[in-house]
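Colleague: Residue numbers (UniProt numbering): 1 to 1237. Each residue gets a CB set at the ideal place from its N, CA and C atoms; glycine is no exception. What follows is a structure written as structure tokens; I'll ask about it next.
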């Protein structure tokens, strides 16, 4: 069968045109005949005089074997003719497999193959990077405009007069009544201080990326940093203690600002200049002066159009303060004789303020030595910006502490060493792509926090034999890149949470850079992840602390000198509490204080509401494998772990308890409850914040709860306490099926059963409504199952007779099952899933557990007969018969593999089942689901899981749903195929040696991973199929969605037959939905709007009311959460014909209308009125879209197959009145209202 199936798929995928327009409607009778006996009747009916020269396939014995061989041979020949290179690759792969079997596949062969692919990838990336750099570099005209003002600024600075040493009281009187205030840091200097304040001309220099020429264009605006280095004679050696140098700098800045403002005012430049203070990198100890331009004015110095601002930074003289006394573990703020509390943030602020120019020289030296350094810095800056990383301090919230400066410094260090033995990680001759990839691999593989750190010398004597940069396997539990020259930890501004997020994104990016199959350039550099936070993060919580005083009381003297500001203290507290509480349940955590300002007018000492800590936002990347676990385990209950147990109990309070586990161990634990509307993470955070922050703290995550409530709950006991990840209802259905299949194998039948293959959507956990016993009103109640019998040569040789033989076997099976197992109920139904094949009958079996299964038979003769019908057909019927074969392949041949694949992936991605169920509900709420196959919807929903780059795979229901909507809103299906690599996610071995950061390392594990995933040749073959399809159908009029995978390289198995208006409406609705969320955010109103159908878009709407409510019969729980036990089904009716009384009558009505008016109108309705048809589940709508060809008068044709009325002698118009009257007759008592445009 394997060669035959390959030949069949080739026969379908290589057809010239799937459908041909303009040839008139195909006769249904003729097509049925063609399927029945190989086109013999069709030829006799249409051309009796023409002799039939085709071979008659009468005998099914010997001729069938020959046909299989010929089909397989023809398929192989076609493959060779189409692409010789593919054949060469196949031979190469065969040879490699033989070598592998004989143990001859050497690591060198694999290394060379990888190196070749990497070289090609590097060259392609180089071209893309060159184009990108041209787009993000600053325009020369803007640079010249800013430089003109900078020259003017320099001249003006020289005009600021000196100021003699002045006492604090005189300083305050000097600034009293002036427009400028002194931006003193907290605490303000005491009136009794003895040191003096003065101003002398500074040393002016340009620093930052603008000076280094690595600045990039930013639509939000860029800044130019100007450094004013205070003269050393203004300080004493002990001024680094107790804020003395900080306060001197504040007065220096205020005096400078005042005179600069006066000087600019004299030259009439203050008309377009805006002066304000700002904390440099959110450091409250380091205020700077920010100059911005207002629009208007004709001054040559107005640089408003450049979108630049200028930061005037006041720095300390390099080397004046002894660096050893400002190490991170030293105390430089003496409070109540406390000399032991470390003040790392304070020490770093002073040291970093004295090293601006030093690091500029260090980076400039590296830039001179490394040609591609500048381009790599620009790439790194762009990469960081797209992911939300900045040089701002992460201690006050956000992903700060690692911006363009830190990236450039790390790259400079790695060009000097960085390995465990001091070996160089990067080489000066590397391209920008290799430098960038090397830094990514270093960040991804080397732990710079818990288990080690990087130390380097930014200024080392060339005669020294010490390694310039070296990785030390000793961690300080904080991110550390330590400069031995300046004694500065470059990563001081990073929090542990920020570093963990950086490492996560670096790992993701390195995996994308190492992907030699797909082009991931756009995912790495062009996608702004920070633009839409709801998609970037899995969960978002708003934390409100109504009583700030409770938190302020905990901000004592020790905390003040350690954290410097209340904001830092609060963010640190929230982060630590949340991380300890959640543990492995999360991957990353980000805390952001709302209404936190870092800039303020020059007339104020500090921001007006800089102590507003009442509102914070917590964003989380969730670990889906751990997030819903009900037990938080602590230390064992033994004397050995007594201290740890005490800490555990103190942290968790009354929630901590002792529990015995299956292995006999007694452990300190916390147990949580499951809920269908609230995640375990939300429960933990609510409890722990009340315990450690304040009793009246409020934690809200309304949007997550609202999305969870949109998922229909099963009408079962305790369903409201089921976790969103629970698959118990599906397992119960599967258990019932397993019991039934065991009985079927034991039945005495003429042919033994070879296999019973479950192919229904419940077996892959993707039904919109979860399986509930006796809920036969659910459209998914009867789950499809394929039966395969043992091989036989006696199967009939025509499709009609074959289907009747299958029915006979099903009758035998029914008799045997009824005779031996009377508790099972059975009935037959006709199946219309295969067009023109009217003889398909299915056996429906109802199990005593309350579940239903629909059995259909597949034989080895089916595919042969369908292919024979295609080969014998005339050209005008061949395209439609190919469509029939496509439906057969999807329903029979490919369904089992599709189900197995998605079932396995659903276990790898626990959030996939609820996400696809919510997506199906969204489609059905907009009346689209009935036009799309279940398999197509499931494959589209799988996209953000198996191809999540540059994001992470969804780990919450709302995140997965929003990612699907985002993809659909951006999917240009006319030009872009959707290619899915349906494989399980695996931990990629990044390697432990960062010296191989050029990407040419190739471990056996990654080799195995690559063999399981798509190869370049497979991707090219799929893209070739898409190109062939679009050549014949460039606008996608016939087939819109091309969704390919290893299971379906043709890409059209599940997407054929979708009307063009439905496909365009799907993407249009996704765009509207995504724009709505971007404009108004996620709240109750927007989420409700997402699931509200736009009925006004249709040409007419028919409103229906069912005789009975379908909510409970469909197994769906009422929104109230209370079950009506009287209405809950506990058995099947004794007369099975009564089952139809509680089924949806509108489904058959819409199906009939679409068949009757298929050429002129597209009818839609809710497939699941039990969940989308009002709260009671007894409403539905039928909408009609008139096809564009019939919206205006058309010329009359004999074969129009439409209900039209004459307009004149030639033109006709769709007879809407007659059609509406017919619908009214068909709908009868169901119709309650009719609306038409």
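Would the beta-carbon of residue 373 fall within 9 Å of that of residue 389?
Modeller: Cβ atoms of residue 373 and residue 389: not closer than 9 Å.
Colleague: Mapping DSSP to helix, strand and coil, what is residue 102?
Modeller: Reliability fails at residue 102, whose pLDDT of 40 lies under 50, so the model's placement of it is uncertain and the value that follows must be treated cautiously. Of the three classes helix, strand and coil, the one that applies to residue 102 here is coil, per DSSP.
Colleague: Rounded C-beta distance between residue 1180 and residue 1131? I'm assuming under 8 Å.
Modeller: Contact doesn't hold; Cβ gap of about 27 Å is too wide.
Colleague: Closest to residue 1229 by C-alpha separation, out of 1057, 1107, 573 and 530, would be which residue?
Modeller: It is 1107.
Colleague: Mind checking which residues open and close the alpha helix (DSSP H) that includes residue 383?
Modeller: Note, residue 383: alpha helix (DSSP H), 373-386.
Colleague: Express the C-alpha separation of residue 861 and residue 794 in angstroms, rounding to a whole number.
Modeller: Cα to Cα, the separation comes out at about 10 Å.
Colleague: What residues in its chain sit with their C-beta under 8 Å from that of residue 95, if we drop five residues either side in the sequence?
Modeller: Any reading at residue 95 must be qualified, since the residue scores a pLDDT of 45, below 50, and its modelled position is unreliable; the value itself is stated next. Taken in chain order, the list of residues that qualify is empty.
Colleague: Would you verify that the beta carbon of residue 853 is, or is not, closer than 9 Å to some beta carbon of chain D?
Modeller: The structure shown contains no chain D; it holds only a single protein chain.
Colleague: So for residue 72, helix, strand or coil by DSSP?
Modeller: Since pLDDT at residue 72 reaches only 41, below the 50 mark, its modelled position is unreliable, and the value read off the structure follows with that caveat. Of the three classes helix, strand and coil, the one that applies to residue 72 here is helix, per DSSP.
Colleague: Looking at residue 620 and residue 590, is the spacing between their C-beta atoms short of 9 Å?
Modeller: Yes.
Colleague: Apart from the five residues just before and just after residue 912, which ones in its own chain have a Cβ nearer than 6 Å to its Cβ?
Modeller: Counting only Cβ-Cβ distances below 6 Å, and skipping sequence neighbours, we find 906 and 945.
Colleague: May I have the straight-line CA-CA distance separating residue 803 from residue 842, to the nearest angstrom?
Modeller: Looking at the two C-alpha atoms, the distance is approximately 10 Å.
Colleague: So if DSSP puts residue 600 in a beta bridge, which residue, or which two residues, is it bridged to?
Modeller: Paired residue(s): 277.
Colleague: Do residue 980 and residue 939 have their beta-carbon atoms positioned less than 9 Å apart in this structure?
Modeller: Yes, the pair counts as a contact, with Cβ atoms nearer than the cut-off.
Colleague: Taking the alpha helix (DSSP H) that residue 885 belongs to, which residues open and close that run?
Modeller: Run containing residue 885: 875-888, per the alpha helix (DSSP H) assignment.
Colleague: Exposed or buried, which one is residue 343 when buried takes at least 16 other CB atoms within 10 Å?
Modeller: When all chains shown are included, residue 343 counts as buried.
Colleague: Nearest-angstrom Cα distance between residue 1173 and residue 1109?
Modeller: When rounded, the distance between both Cα atoms is 9 Å.
Colleague: Since residue 603 and residue 180 are thought to touch, with beta carbons under 8 Å apart, how far apart are those beta carbons, to the nearest angstrom?
Modeller: The pair is a contact, with the Cβ atoms about 7 Å apart (cut-off 8 Å).
Colleague: Starting from residue 652, follow the alpha helix (DSSP H) in both directions and report where the run begins and ends.
Modeller: Residues 642-652.
Colleague: Assign residue 928 to one of three DSSP states: helix, strand, or coil.
Modeller: In the structure shown, residue 928 sits in coil (DSSP, three-state: anything other than H, G, I, E or B).
Colleague: Excluding five sequence neighbours on each side, which residues of the same chain lie with their C-beta closer than 8 Å to the C-beta of residue 334?
Modeller: Here the set comprises 241 and 242.
Colleague: Could you have a look at residue 821 and say whether DSSP puts it in helix, strand or coil?
Modeller: DSSP places residue 821 in coil when its eight states are reduced to three.
Colleague: Decide if residue 483 is buried, meaning its Cβ has at least 16 other Cβ atoms within 10 Å, or exposed.
Modeller: Looking at its Cβ environment, which holds 16 or more other Cβ atoms inside 10 Å, residue 483 is buried.
Colleague: Can you give me the start and stop residues for the alpha helix (DSSP H) that residue 565 sits inside?
Modeller: Unbroken run through residue 565: none, as it is neither H nor E.
Colleague: Should the segment 945-962 be regarded as contacting the segment 913-922, the criterion being three or more beta carbon pairs within less than 8 Å?
Modeller: Yes: the two stretches touch, three or more of their Cβ pairs being nearer than 8 Å.
Colleague: May I ask which residues mark the beginning and end of the alpha helix (DSSP H) holding residue 862?
Modeller: Residue 862 -> alpha helix (DSSP H) spans 862-872.
Colleague: Below 8 Å on the Cβ atoms is my guess for residue 974 versus residue 1057; work out the distance and round it to an integer in Å.
Modeller: Contact flag wrong, Cβ pair sits at about 18 Å.
Colleague: Going by beta-carbon coordinates alone, are residue 513 and residue 520 separated by less than 9 Å?
Modeller: Yes. Within cutoff.
Colleague: I think residue 1165 touches residue 1150, with their Cβ atoms under 8 Å apart; what is that distance to the nearest whole Å?
Modeller: Sure, about 5 Å apart at Cβ, within 8 Å.
Colleague: Excluding the 5 residues flanking residue 665 on each side, which residues of the same chain have their C-beta closer than 7 Å to its C-beta?
Modeller: If we look at residue 665 and ignore the five residues flanking it on each side, its Cβ neighbours are 636.
Colleague: Whose C-beta lies closer than 7 Å to the C-beta of residue 539 among residues of the same chain, with five residues either side of it excluded?
Modeller: So the list reads 620, 622, 681, 701, 704 and 956, once near-sequence residues are dropped.
Colleague: Between the C-alpha atoms of residue 613 and residue 553, what's the straight-line distance to the nearest angstrom?
Modeller: Roughly 13 Å between the two C-alpha positions.
Colleague: Which residue from 564, 295 and 508 puts its Cα closest to that of residue 443?
Modeller: The residue with the shortest Cα to Cα distance from residue 443 is 508.
Colleague: Which term fits residue 780, buried or exposed, when burial requires 16 or more other beta carbons within 10 angstroms of its beta carbon?
Modeller: Buried, by the Cβ-count rule.
Colleague: Looking only at C-alpha atoms, which of 1143, 1083 and 1087 sits nearest to residue 1105?
Modeller: Residue 1143 is the option with its Cα nearest to residue 1105.
Colleague: In whole angstroms, give me the CA-to-CA distance for residue 1152 and residue 1189.
Modeller: Roughly 22 Å between the two C-alpha positions.
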